[in-house]
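Undergrad: If you want the numbering used here, it's the 1-based position in the sequence shown plus 205.
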Amino acid sequence: EAQKPPPKPRALLAHYCAIRTIAADWKPDGSKALCGSDDGSLSLWRVDTSECLARFARHVGYIWTLYADWSRGRALSGAFDGCFKLWDLRNGDCLRTVQSHCRPVRSICGGTC
Numbered sequence: 206e207a208q209k210p211p212p213k214p215r216a217l218l219a220h221y222c223a224i225r226t227i228a229a230d231w232k233p234d235g236s237k238a239l240c241g242s243d244d245g246s247l248s249l250w251r252v253d254t255s256e257c258l259a260r261f262a263r264h265v266g267y268i269w270t271l272y273a274d275w276s277r278g279r280a281l282s283g284a285f286d287g288c289f290k291l292w293d294l295r296n297g298d299c300l301r302t303v304q305s306h307c308r309p310v311r312s313i314c315g316g317t318c
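(1) Terminal residues of the continuous beta strand (DSSP E) containing A273?
(2) For F289, write down the residues that DSSP places opposite it in a beta bridge.
(3) Is the beta carbon of G315 closer than 8 Å to that of D293?
(4) Can at least three beta-carbon pairs, one atom from the stretch 253-260 and one from the stretch 302-312, be found at a separation below 8 Å?
(5) So, H264 versus A284, is the Cβ gap smaller than 8 Å?
(6) May I ask which residues mark the beginning and end of the beta strand (DSSP E) holding A223?
(7) Go through its chain and collect everything with a Cβ distance to A229's Cβ below 6 Å, but skip five positions before and after it.
(8) Could you check how far apart the C-beta atoms of C247 and G241 are, in whole angstroms? I think they sit under 8 Å.
(9) When you compare the CB positions of I313 and L281, do they come within less than 8 Å of one another, or not?
(10) So, T226 versus T254, is the Cβ gap smaller than 8 Å?
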C-alpha cells in the first residue's frame, strides 16, 4: 500500500508577539494546541483545521508556562506578572487568579486541575 505524503507545515497566526509556550493534545483527529504569548494572551487552536477555538483574557506581561488537563478541560498558566491563572478550556473563562509571587512564574508542574 502506498504511503501518504507527510502533511504540509501550517502557520497559525495567533499572536502579535512571540509564542513562548505551547501545551498540545496530539490525536489522530482533532489535535489541539494551547499557546501562551509574550503579549500576555492565550489562544486555543484545533491544529488540523487551523481554527481558533478560543481567545483568553490576558496576563500582564509574558506567559512563561502552561499546563493543560485536557480530560477535564482546564489549564494553568504562569506569567511574568507573578500570577498563575486557572482557565476553563471549553469557554475561555478565567476561573481563578492567584497572585503568588513578586517575581515571574516560570514553571508549573501538572496534576489534576
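In this text, a Cβ means the ideal position worked out from N, Cα and C, and glycines have one as well.
TA: On the basis of the supplied data:
(1) 268-274
(2) G283, V303
(3) no
(4) no
(5) yes
(6) Run containing A223: none; DSSP gives neither H nor E here.
(7) A238
(8) Note on identity: in this sequence residue 247 is Leu, with Cys being the wrong assignment. Contact holds; Cβ gap of about 5 Å.
(9) yes
(10) no
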